[in-house]
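Everything below concerns the one structure shown next.
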Amino acid sequence: MKHCFLRFPGFKLKALTLSYDDGAIFDKKLIEIMSKYALKGTFNINSGLFALEEGGRCLTQKEAFTLYTQSDNEVAVHGVKHLPLTEVNSAQALGEVLLDRQNLEKIFHKLVHGMAYAYGGYNDSVVEIVRSCGINYARTVDDSEGFTLPTDWLRWKPTCHHRNPKLMDLLQAFLEEQEGGYWRKSPKLFYLWGHSYEFEDNNEWYIIEDFAKLAGNRDDIWYATNGQIYDYVQAYHKLRFSAEGTFVYNPSAMDVYICYFGRKYKIPSGEMVDLEIL
Ligand SMILES: [Zn+2]
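Count along the sequence shown starting at 1, add 398, and that's the number in my numbering.
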């Protein structure tokens, strides 16, 4: 039986993240709602499609910088011009990803290492191009309707789109994940995605408001960006256990929380911690 389980910061069993695409002005309203309920997420941006003037459907570069930076959400690649990567040649696909990454890193002065596939389009050769551009995680549009952490981070399947008819049932199931099985449960992640303009165009702001009211501001959930989740899971996998399993070293730059033989341990960054085996 498995005896070591990842726990999110604060020993939480659950994490929740959002992923919204295209840099629409409606991200402003979405982020207001997210902030009210402590939700965090990743915004996938096309750096070649910023509006030149305020007032349209796309954010200007300046508006985008202010919005995503002040709200402490993450910015990730979505292709310079939102081209379908499976339908252009390799050089174009490479340019879409690499140039978008370079542009966003310059604009936001932050490391950008995630993305979402424009139109959800990917195949094996696109994934290799994305990998070669230093992208560590990339979201698809294939709803898993599940809560497991990805094993293939460049083909990251979200739980569901916000228009998935099962949205609130899935959320309810996620919230009801019993803490009773805490000691032998794998960590759970709820991953919601979409476009903020869909709320506006379809008059469906109630969907995200209802979702946020129920999912947000809870003590038992870690609210994080896609990148924070990726980084944290990597730190967990980098833990080095002694041959007898009686101590562990955390070489990463972040504290890691685990359940080990039915006990909770916080392994501080750069430290070694003794463990008990039952
Ligand atoms: Zn898009």
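Even glycine gets a Cβ: it sits at the ideal position worked out from N, Cα and C.
Nearest residue (CA-CA) to residue i, options the options
{"i": "Leu411", "options": "Ala491, Ile431, Asn442, Leu587", "result": "Leu587"}
{"i": "Lys427", "options": "Tyr604, Leu481, Asn444", "result": "Tyr604"}
{"i": "Ala610", "options": "Asp653, Leu416, His476, Cys531", "result": "Leu416"}
{"i": "Leu414", "options": "Lys564, Leu437, Ile656, Gly421", "result": "Leu437"}
{"i": "Tyr418", "options": "Asp567, Ser523, Tyr515, Leu404", "result": "Tyr515"}
{"i": "Asn442", "options": "Cys456, Ser433, Glu452", "result": "Cys456"}
{"i": "Val539", "options": "Thr549, Cys531, Tyr517", "result": "Tyr517"}
{"i": "Thr549", "options": "His635, Val473, Ala491", "result": "His635"}
{"i": "Phe572", "options": "Arg616, Arg529, His593, Tyr595", "result": "Arg616"}
{"i": "His401", "options": "Val671, Glu669, Phe659, Tyr663", "result": "Phe659"}
{"i": "Leu497", "options": "Ile656, Ile527, Glu472", "result": "Ile527"}
{"i": "Glu452", "options": "Glu472, Gly439, Gly421", "result": "Gly421"}
{"i": "Met652", "options": "Ser667, Asn501, Ser594", "result": "Ser667"}
{"i": "Glu598", "options": "Phe409, Asp425, Phe403, Pro407", "result": "Asp425"}
{"i": "Tyr589", "options": "Gly578, Met566, Gln576", "result": "Met566"}
{"i": "Gly532", "options": "Cys558, Gly493, His560", "result": "Gly493"}
Residue i, DSSP secondary structure in three states
{"i": "Thr549", "result": "coil"}
{"i": "Tyr535", "result": "strand"}
{"i": "Thr484", "result": "coil"}
{"i": "Tyr418", "result": "strand"}
{"i": "Tyr435", "result": "coil"}
{"i": "Asp608", "result": "helix"}
{"i": "Ile675", "result": "coil"}
{"i": "Gly660", "result": "coil"}
{"i": "Phe677", "result": "A question about residue 677 goes unanswered here, because the residues of the chain that appear run from 399 up to 676."}
{"i": "Lys412", "result": "strand"}
{"i": "Met670", "result": "strand"}
{"i": "Ile619", "result": "strand"}
{"i": "Phe424", "result": "coil"}
{"i": "Arg582", "result": "helix"}
Nearest-angstrom Cβ-Cβ length linking residue i and residue j, presumed shorter than 8 Å
{"i": "Val510", "j": "Glu503", "result": "5 Å"}
{"i": "Val631", "j": "Phe639", "result": "So it is not a contact: roughly 17 Å between Cβ atoms."}
{"i": "Tyr535", "j": "Leu547", "result": "That pair is no contact at about 11 Å."}
{"i": "Asn471", "j": "Ile429", "result": "7 Å"}
{"i": "Thr644", "j": "Ile665", "result": "Not quite, the Cβ-Cβ distance comes to about 14 Å (not below 8 Å), so this is no contact."}
{"i": "Ala489", "j": "Met513", "result": "Actually they do not touch by this definition, with Cβ atoms about 18 Å apart."}
**Message:** Three Cβ pairs or more, each shorter than 8 Å: is that satisfied between the region 625 to 637 and the region 568 to 582?
**Reply:** no
**Message:** Taking 8 Å as the cut-off, does the region 436 to 453 touch the region 474 to 494 (at least 3 CB pairs, one atom from each stretch)?
**Reply:** yes
**Entirely enclosed alpha helix (DSSP H) segments - the region 454 to 535, minimum 4 residues** = 459 to 468, 488 to 506, 522 to 530
**Request:** Count the CB pairs spanning the region 459 to 467 and the region 520 to 530 that are closer than 8 Å, and state whether there are at least three.
**Result:** no
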